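First the structure, in the form of structure tokens, and then the observations on it.
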Amino acid sequence: MKNKILSIPILAVIWRDACHAQNPDKDNTKPPWVVDCGFVVEENKHHIILVRQFFDDGQCRHAMTILKDNIEKIQSVGMARLPAHFISAPFLGSGE
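In terms of the numbering used here, the sequence shown opens at residue 51 and continues consecutively.
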């Protein structure tokens with residue numbers, strides 16, 4: 051049986067990050083704006099999890115969890131049409 055070709059959406063999330071300053075002043079205590087791009091592996095009313103890399107079995111790495119309250123905008127970048135040997139979309143592992 052031939053594998054179905056997977057098409058996975060790629061998103062850009064524009065969001066406000068937290069900041070940390072060991073020696074705070076007016077210039078280094080403003081939360082920065084950030085753009086993260088990747089594949090969505092989880093989304094709920096509280097957060098979205100993007101990954102930057104995943105393997106042909108769906109295992110992924112390089113995840114970024116972004117709180118929904120911090121998101122300014124989510125943009126569709128495009129679709130990744132994967133080769134036939136990719137058997138799964140990206141997913142979070144079991145944590146073992």
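All C-beta atoms, glycine included, are put in the ideal place defined by N, C-alpha and C. Since the structure is predicted, the reported quantities are computational estimates derived from the model, not experimental observations.
Quick one: using the 10 Å Cβ neighbour count with 16 as the cut-off for buried, is residue i buried or exposed?
i: residue 65; result: buried
i: residue 143; result: exposed
i: residue 105; result: exposed
i: residue 127; result: exposed
i: residue 101; result: buried
i: residue 137; result: exposed
Note the first and the last residue of the continuous beta strand (DSSP E) segment covering residue i.
i: residue 135; result: Premise fails: residue 135 is in no beta strand (DSSP E) and is neither H nor E.
Whose C-alpha, out of the options, is nearest the C-alpha of residue i?
i: residue 133; options: 70, 63 and 107; result: 107
i: residue 140; options: 84, 82 and 92; result: 92
i: residue 83; options: 55, 54 and 121; result: 121
What residues match up with residue i in a beta bridge as DSSP calls it?
i: residue 112; result: BP columns for residue 112 are empty, so no partner.
i: residue 91; result: Its beta-bridge partners do not exist; DSSP assigns none.
i: residue 66; result: 83
i: residue 117; result: 97
i: residue 130; result: 58
Residue i and residue j look like a contact to me (Cβ under 8 Å); what is the Cβ gap, rounded to whole Å?
i: residue 60; j: residue 87; result: 7 Å
i: residue 96; j: residue 80; result: So it is not a contact: roughly 24 Å between Cβ atoms.
i: residue 58; j: residue 130; result: 5 Å
i: residue 62; j: residue 85; result: 6 Å
So with Cβ pairs under 7 Å, would you call residue i a contact of chain C?
i: residue 64; result: Among the chains of the structure shown, chain C does not appear; only one protein chain is present.
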